Amino acid sequence: MVNSHNEVFRRQGVEGSAHGTGTGWEEVPGHMSYVKTAEEGITWAIDEVGEVWKWKGGDISIQVVVDNADHGW
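Printed below as a string of structure tokens:
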């Protein structure tokens, strides 16, 4: 989820909750203007300047698709 300030959040506790509603939200470091999940848990994002990023999975650790991986996202 991205809010109006481009802060990114992911849903917690979806696996064990009734109907997949989850138990809360966890903020993910960085700012994005768009986030979308895809098959097999892959998450893509577009930052405020139009660069594309891909979620690495596991811990909160994202790498940009182009050479720019050390910015927290």
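Take any residue in the sequence shown, note its place counting from 1, add 10, and you have its number in the working numbering. The C-beta atom is built at its ideal place from N, Cα and C for all residues, glycine as well. Quantities reported herein were computed from a predicted structural model and do not represent experimental measurements.
- Cβ-Cβ separation between Thr33 and Gly23: approximately 3 Å, consistent with a contact (criterion under 8 Å).
- Close CB contacts of Ser43 within its chain, under the 6 Å cut and outside five residues either way in sequence, are with Asn16, Ile56 and Glu58 (chain order).
- Annotation for Thr53: Thr47 and Trp65 place their beta carbon closer than 6 Å to its own, counting only its chain and skipping 5 residues before and after.
- In its chain, beyond the 5 residues on either side, Val18, Met42 and Val45 have a beta carbon closer than 6 Å to the beta carbon of Val12.
- Around the beta carbon of Trp63, 16 or more other beta carbons lie within 10 angstroms, which makes this residue buried.
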